[in-house]
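Have a look at the structure below before the remarks.
Numbering (the working numbering), first residue to last: 45 to 103.
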């Protein structure tokens with residue numbers, strides 16, 4: 045093998061060893077549900093955008 049191949053093999057083995065030694069990542073917690081007021085705001089925003097698009101299409 046060449047020096048480059050030996051270096052690559054050594055690097056590959058080091059990375060594999062680090063993966064085995066590392067602890068698994070903790071699971072992400074589920075996001076908290078949005079308050080009702082935030083949902084109302086999103087609905088109002090959606091209606092504004094939809095109304096604007098209808099005006100663009102009509103023009």
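Yeah, the Cβ is synthetic: ideal placement off N, Cα and C, and Gly gets one too. Quantities reported herein were computed from a predicted structural model and do not represent experimental measurements.
Which value, in whole angstroms, describes the spacing of the CA atoms of residue i and residue j?
{"i": "residue 46", "j": "residue 53", "result": "11 Å"}
{"i": "residue 93", "j": "residue 50", "result": "60 Å"}
{"i": "residue 60", "j": "residue 66", "result": "10 Å"}
{"i": "residue 98", "j": "residue 88", "result": "15 Å"}
{"i": "residue 64", "j": "residue 90", "result": "47 Å"}
{"i": "residue 84", "j": "residue 74", "result": "22 Å"}
First and last residue of the alpha helix (DSSP H) that includes residue i?
{"i": "residue 48", "result": "47-65"}
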